[in-house]
Amino acid sequence: MATVRDTTYHLLRDLGLTTVFGNPGSTEEPFLQDFPADFRYVHALHEASAVGMADGYAQATGGPAHVNLHTAPGTGNGMGNLVTAWHNKTPLIVTAGQQNREMLLIEPRLASRRAAELTQPYVKWAHEPARAQDIPAAFMRAYATAVQPPAGPVFLSLPMDDWDRPADAPPQVRTVATRIAPDPDQLRSFADVLAGSRAPALVLGAAVDRAGAWSEAVALAERLAAPVWSAPAPERAVFPEDHPHFRGVLPYAIGPLAEALRGHDTVLVVGAPVFRYYPYVPGDYLPADTRLLHVTDDPEESARAPVGESLLGDPGLTLAALVELLPPAGRPPPPARPDQPPPEITDPPSADALFAALARYWPADGVLVQESPSNLAALRRRLRVNRPRSYFTMASGGLGFGLPAAVGIALAERDTGRGRPVVAVIGDGSLHYSVQALWTAAQLRLPLAVVVPVNREYAILKAFAELKHTPGVPALDLPGLDVTAVARGYGCAATVLESPDALGPALAAALAADGPTVLPAQISTDVPKIL
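In the numbering used here, the protein residues as written are 27 to 557.
(1) If you count every other CB in all the chains shown that lies within 10 Å of the CB of VAL349, and 16 or more means buried, which is it?
(2) Secondary structure at VAL509, three-state DSSP: helix, strand or coil?
(3) Quick check for students: name the residue ranges of the alpha helix (DSSP H) that lie wholly in the stretch 204–256, counting only runs of 4 or more.
(4) Candidates PRO353, ILE161, GLY82: which alpha carbon is nearest TRP112's?
(5) Compare the Cα-Cα distances from TRP388 to each of PRO368, MET27, LEU409 and report the closest residue.
(6) Does DSSP put THR521 in a helix, a strand or coil?
(7) Is ASP508 buried or exposed, if buried means 16 or more other CB atoms sit within 10 Å of its CB?
(8) In this structure, what does DSSP give as the bridge partners for TYR67?
(9) May I have a chain-ordered list of the beta strand (DSSP E) segments no shorter than 3 residues that lie completely inside the stretch 361–405?
(10) Cβ of PRO447 within 8 Å of Cβ of ALA539?
(11) For VAL275, is the classification buried or exposed, using 16 other Cβ atoms within 10 angstroms of its Cβ as the cut-off for buried?
(12) Under the three-state reduction of DSSP, which class applies to TYR1: helix, strand or coil?
(13) Could you tell me the distance, in whole angstroms, from the CA atom of VAL11 to the CA atom of ALA28?
(14) Could you give the residue range of the alpha helix (DSSP H) that holds ALA355?
(15) Among all the DSSP beta bridges, which residues are the ones paired with ASN94?
(16) Using the three-state DSSP reduction, which class does ASP503 fall into: helix, strand or coil?
(17) Between the stretch 224–232 and the stretch 190–205, do at least 3 Cβ pairs fall closer than 8 Å?
(18) Who are the Cβ neighbours of ALA520 in its own chain at under 6 Å, not counting the five residues just before and after it?
(19) Going by CA-CA distance only, name the one from VAL449, ASP211, LEU425, PHE427 that's closest to ALA436.
(20) Going along the chain, which unbroken runs of the beta strand (DSSP E) with 3 or more residues stay wholly within the stretch 469–504?
(21) Please name the residue in ALA362, PRO175, LEU108 whose C-alpha comes closest to that of ALA74.
(22) Beta carbon of VAL461, beta carbon of LEU429: below 8 Å?
(23) Is the Cβ-Cβ distance between ALA257 and ALA298 less than 8 Å?
(24) Would you report the Cα separation of ALA247 and ARG236, rounded to the nearest angstrom?
(25) Considering ALA547, what are the terminal residues of the beta strand (DSSP E) in which it resides?
(26) Does DSSP classify THR29 as helix, strand or coil?
(27) Output the residue ranges of the alpha helix (DSSP H) runs that lie fully inside the stretch 264–352 and measure 4 residues or longer, sorted by chain position.
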């Protein structure tokens, strides 16, 4: 007779979920015992790294990923990156072991109290099956929930004594639709407003990249002769950034964002919340007499928008339909952005100089993963992303995602056969939130290049302190960190970049290597402006 474990593994095969990210614990061993030869276990040294790797892998493959955590403490370890997966809208099936059912009443060691509540509200669905026999069907429901829009993580708590119980008949493997067509009447209304607009602007969000809709976005921008902004704090690149219509990333504070949109009578926001703000800088949400139209596949995004009219729909389907409905604008295109002047030469070099060098040596099909908050403006200013699915960061604002996500993305590039080079830019402060991911990259022999701007401080927090007039905050400096020694301790190669020009040969060597390479680069300690 088939067991619950047998039936579950057969279902996971049918769903294509044969890669498991995790860090094994005692409550997970009954699930992991006699691990099937056709499955792969991606071993992380910490649960936060496991969740981040699974997130990056799922985003890069375009499908869901399975991450297995250790009961309540291990789930707690992974919570920061689970929050990020929620905001990234990444389809993750997160499972965690639970103590034996026979002992749950007395709350033994490693029991997870109210396990289904632990991950809320940062999952779409959380469940602990009432019977062992319900586990396979719970996996099927978890899969269907995770992938449907808005995609996101789900959580299952699984008692460790359930796996060898006799199984019921296996659940039917089901397919579910993952795209929502826009309401035709509301779509026509949006098209009429845009057709009559004097000076429209487009604001695009990460869902445009998730939908594979760059070409539709370009077509609509050119049809409207409209400038294009990226929504504030974007976790994905959304439009070819060397296109003459592209204006850059909107500021992520209320007053400055409205000021950036001044002069536009209509703003069409597609695939982003309206808007992602921080810090608080008061002002009007929009310039006077500006009308906002909002397209999203997330009803919660639509409901919480403070201004505008919303239309639920897949960004790609909606953009394509608007192109069909709209006539050419009959006005000249907006002027292109001016080129950036060369960076100033300083010693040590500025982040601007380092990223100007990175742009010079950037591989044509490279994938950028970044988590260097204080240097983000310089990075986005100097390195323009011009291909879909080529830029990833955290939507949550929480650190510890970038490095493990880069590992998951590099693994996905290998598994899919695309083989695009992956470069992570991770600040020396951010690096240590999930630094254990370096070991997994080394064990998998991934040719991942990790550029580490070293300023030995939490410069982003110093910038916030200046903005908010909060002097005397402790613990904003990071003396005594040896990035090279840490990298080598985890099995990675490491090359210190003595100058920005050294980045070219070092990057080429790293991307051709049989394993990860960490490239620390000293930069100036100048504190950037937040806005």
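Cβ coordinates follow ideal geometry from the N, Cα and C atoms, glycine included.
Put simply:
(1) buried
(2) helix
(3) 210–221, 232–236, 240–250
(4) GLY82
(5) LEU409
(6) coil
(7) exposed
(8) VAL46
(9) 393–397
(10) no
(11) buried
(12) Here the chain has residues from 27 to 557 only, and residue 1 is not among them.
(13) Because the chain here runs from 27 to 557, residue 11 falls outside it and cannot be looked at.
(14) Where ALA355 is concerned, there is no enclosing alpha helix (DSSP H), given that its DSSP letter is neither H nor E.
(15) GLY48, THR121
(16) strand
(17) no
(18) THR510, ALA513, ARG514, VAL544
(19) VAL449
(20) 475–480
(21) LEU108
(22) yes
(23) yes
(24) 18 Å
(25) 543–548
(26) strand
(27) 280–286, 325–330, 341–351
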